[in-house]
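Heads up: the structure comes next, in structure tokens.
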Ligand code: NAD
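Numbering (this note's numbering), first residue to last: 211 to 708.
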């Protein structure tokens, strides 16, 4: 591999982590060994926690919730902790980005950008902690006054995936904390390091003991036990639709805990003939290649106006060919490694299925041999039919399927022809087209003449089988609250028994 733009080196030995329980590090007894997907070198050792460890973490979170050491503070003091966290993250940005790259395989420049986004999440969460409020009803007559209180739900379980380990964590943690809840986090077993590091950062920022706990381990043991735990009041799950379904069953079979679900997507990017085609091609190349397409909001279905389809696909293929795929520790890399061997196999098998089903590869279509690590060339398929597996399934890799339309109605129908509804992007200079499409396509996040834009002020979440509820912003904080109606009688009671 070319080392010219690589200023960072691999660790000399894997770093061993403990797990984060009740405000301190606990030593692990048994470990997962994680190798860097970009280099194949062992980088971390993560504890395989037991169900007893999980129970201890839930007890700590319960105690910290009931003793009011967090929920009882003024919002301004909770905001202070979140702002101090943002400051520490700013100081430790490069270090956190480094561990994220080593476990996930994403490019270092991108990882640093994600830490910046995480800092913004803590700042927005701080604002939300101060602004969170209920409502009042002054309309119930002279004898009755109504107040609507927002109270924290209680102990939250948080289960996260491996594609954006720190970003997805930080799109939730500040908002959970802003609400006054306490939590137990179960990160993906292959990318736990930065979730653990956040424990010591929050402690330094002044978070009381027991409010944030991290228990590492497999989904089957620790994840399942967390979803079934009778003393967890709410579970926020981000991951695949299949596991999301089992989380719903586990919640129903235990204590009917409240659920937030952020699941899969098969997101359309719709390009109309009047769009700026150069801009749209750049966005489409980015939308499918960013984070190697291992992104829940990847735009994996191109829906393009037949009149410009050939010209557009040519522009797009030229852009995709120029993407710099390579060592995630290189400063100039745009697309890094596939995060797990299993995901690498899944993506390559979908590429073979696409070829077998009769779709045409315009660019990419194979693994890239860079000497070590797993890399796949950004791939564009044309001639895709609606019933093909590459048209319907979430591949979670850099594989884009192209469809053509003739009318706005047909474009909307194609965009909605999926069980998912996470995100969509539309490219048109015609305000009527852009607005009609934004209103008719069923997706939780919509981008008009842009893609993956926005900050933590805006809510995120999905329609249909992409999930339940919303994260981030004030909507995200409200998700972690319960609403209580308080009725206050004014003056003498009108007696029932005369
Ligand atoms: P996954 O569902 O396999 O795992 C997600 C998390 O759930 C991991 O921490 C895993 O250990 C845990 N888990 C696995 N089995 C479990 C069980 N039975 N009970 C409880 N927890 C269990 O998903 P993944 O492969 O890590 O991530 C990829 C998927 O996540 C994709 O489908 C993607 O679309 C989705 N995703 C969605 C969003 C979103 O915001 N909508 C964001 C990122 C990823």
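Quick reminder that beta carbons are idealized off the backbone N, C-alpha and C, glycines included. In this text the structure is predicted, and so the values were computed from the model without any measurement.
According to DSSP, residues forming a beta bridge with residue i
i: residue 393; result: 366, 422
i: residue 571; result: 591
i: residue 637; result: 481
i: residue 585; result: 578
i: residue 691; result: 362
i: residue 630; result: 674
i: residue 445; result: 367, 469
i: residue 235; result: 230
i: residue 657; result: 635
i: residue 606; result: In the DSSP output, where bridge partners are listed per residue, residue 606 has none listed.
i: residue 455; result: None; residue 455 has no bridge partner.
Residue i - DSSP class collapsed to helix/strand/coil
i: residue 265; result: helix
i: residue 676; result: coil
i: residue 543; result: coil
i: residue 696; result: strand
i: residue 214; result: In this prediction, residue 214 scores a pLDDT of 48, lower than 50, which makes its location untrustworthy; the coordinate-derived value is nonetheless stated afterwards. Coil at residue 214, not helix or strand.
i: residue 287; result: helix
i: residue 513; result: strand
i: residue 357; result: strand
i: residue 309; result: helix
i: residue 500; result: helix
i: residue 230; result: strand
i: residue 643; result: helix
i: residue 681; result: strand
i: residue 399; result: coil
i: residue 489; result: helix
i: residue 792; result: Absent from the structure is residue 792, since the part of the chain shown begins at 211 and ends at 708.
i: residue 611; result: strand
i: residue 254; result: strand
i: residue 535; result: strand
i: residue 332; result: helix
i: residue 648; result: helix
i: residue 275; result: helix
i: residue 551; result: helix
i: residue 346; result: strand
i: residue 243; result: strand
i: residue 596; result: coil
i: residue 225; result: strand
i: residue 707; result: coil
i: residue 507; result: coil
i: residue 563; result: helix
i: residue 616; result: coil
i: residue 474; result: coil
i: residue 521; result: helix
i: residue 220; result: coil
i: residue 665; result: coil
Nearest to residue i (by Cα), restricted to the options the options
i: residue 273; options: 506, 583, 365; result: 365
i: residue 397; options: 536, 287, 427; result: 427
i: residue 247; options: 686, 563, 681, 585; result: 585
i: residue 268; options: 559, 367, 463, 526; result: 367
i: residue 238; options: 223, 257, 593, 224; result: 257
i: residue 543; options: 308, 422, 316, 242; result: 316
i: residue 549; options: 278, 218, 310; result: 310
i: residue 674; options: 434, 314, 477; result: 477
i: residue 424; options: 392, 448, 702; result: 392
i: residue 297; options: 336, 276, 282, 308; result: 336
i: residue 231; options: 361, 409, 384, 254; result: 409
i: residue 275; options: 443, 589, 648, 508; result: 443
i: residue 687; options: 325, 324, 334, 259; result: 334
i: residue 526; options: 489, 628, 559, 552; result: 489
i: residue 254; options: 652, 228, 463; result: 228
i: residue 683; options: 659, 220, 341, 650; result: 341
i: residue 681; options: 553, 536, 446, 539; result: 446
i: residue 658; options: 235, 318, 479, 395; result: 479
At least three beta-carbon pairs within less than 8 angstroms, the segment 499-512 to the segment 607-617: yes
Are the segment 577-591 and the segment 339-358 in contact at 8 angstroms, needing three or more beta carbon pairs? no
Quick test of the definition: if touching needs 3 or more C-beta pairs under 8 angstroms, does the segment 413-429 touch the segment 283-293? Of all C-beta pairs linking the segment 413-429 to the segment 283-293, three or more are shorter than 8 angstroms, placing the two stretches in contact.
At a cut of 8 angstroms, does the segment 477-485 reach the segment 629-641 through at least three beta carbon pairs? yes
If you pair each beta-carbon of the segment 453-467 with each one of the segment 431-441, do three or more pairs fall below 8 angstroms? yes
Between the segment 507-524 and the segment 551-571, do three or more beta carbon pairs fall short of 8 angstroms? no
Closer than 8 angstroms is the cut-off here; do at least three beta carbon pairs connect the segment 374-385 with the segment 324-339? yes
Should the segment 506-518 be regarded as contacting the segment 610-625, the criterion being three or more beta carbon pairs within less than 8 angstroms? yes
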